[in-house]
Amino acid sequence: MKLSLLASLSLISAVSAASALTILSPTDQIIGGQLNGASFDVGVAGTVAGINNWPTFEPPSDLINGVIGGGGEKYLNFAELNTGVIITPDFGASIVRSIEFWVANDAAPRDPSAYELYGTNVTIDGVSSSYSLSDFSLISAGALALPDTRDTTADALGNSQVVGFANSTAYTSYMLIFPTVKDAASANSMQISEVQFDTTPVPEASTLALTAGLSALVLTITLRRRRS
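Residues -20 to -1, 1 to 208 in mature numbering (1 follows the signal peptide of the UniProt record, and there is no 0) are what the sequence shown lists, from first letter to last.
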């Protein structure tokens, strides 16, 4: 009986574990752009100052490619303010509760100094020229204080900041916006090397049923042992 109880407890722990998991991967759909009022406008590759565009070798996809720091390993947008991305993780529906932001290889004034994270369960087709802000719900927003120390060499750690927040709603796509940068007067763009979301996965109905059943079994065993 003792072994059965321990086994059941171990299985419950494994099944219902809600420890943070990283959600973003290089294969996720990611769309770069700028939030203009009530619309997220999709950008293009280019190097025109003050315009919603990015260098060919510093595209939005670099933000989630798993390479931290080093020359060219960043997402840079010349629109500078209110720039960002919409990401649809392959992971599926998830409850994001923290974000880690890694700095790029140069120009600290270009670092984001604030963030806004929105979520949606509306399908993001990846081909539209704009997406309505009304389809998204604000999850978290706040100031950032990214390290001024630059990450000049690609590595596994980098220099970063982690921001945590309360959230209990699952979403299938996320819009991450950087409203401001550290020094808008001297910066010509916004840039950041990498981001990662930490999430609690949304359990399948069968998993919830299994966990509930095992919990009831353990409770029954415990009560019987106390009565004997």
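For each residue, glycine too, the CB sits at the ideal point set by N, CA and C.
- Residue pairing by DSSP places Ala94 opposite Ala123 in a beta bridge.
- For Thr152 and Ala84, the gap between their C-alpha atoms comes out near 27 Å.
- Under a 10 Å Cβ-count criterion, Gly99 is classified as buried, with 16 or more other Cβ atoms of the shown protein chains found around its own Cβ.
- Nearest to Ile11 by alpha-carbon distance, out of Ser110, Gly30 and Gly17, is Ser110.
- Using a Cβ distance threshold of 8 Å, Asp163 and Pro89 count as a contacting pair.
- Asn85 is not bridged by DSSP to any residue.
- In this structure, Tyr95 keeps its C-beta atom at 8 Å or more from the C-beta atom of Gly52.
- By the neighbour-count criterion, in which a residue is buried when 16 or more other Cβ atoms sit within 10 angstroms of its Cβ, Gly26 is exposed.
- The continuous beta strand (DSSP E) containing Val65 extends over residues Thr63 to Thr68.
- By alpha-carbon distance to Asn57, the top candidate from Asp42, Asp115 and Ile67 is Asp42.
- DSSP places Tyr151 in no beta strand (DSSP E); its state is neither H nor E.
- Under the three-state reduction of DSSP, Ile31 is assigned to coil, being neither helix nor strand.
- Ser169 and Phe71 have their alpha carbons spaced roughly 30 Å apart.
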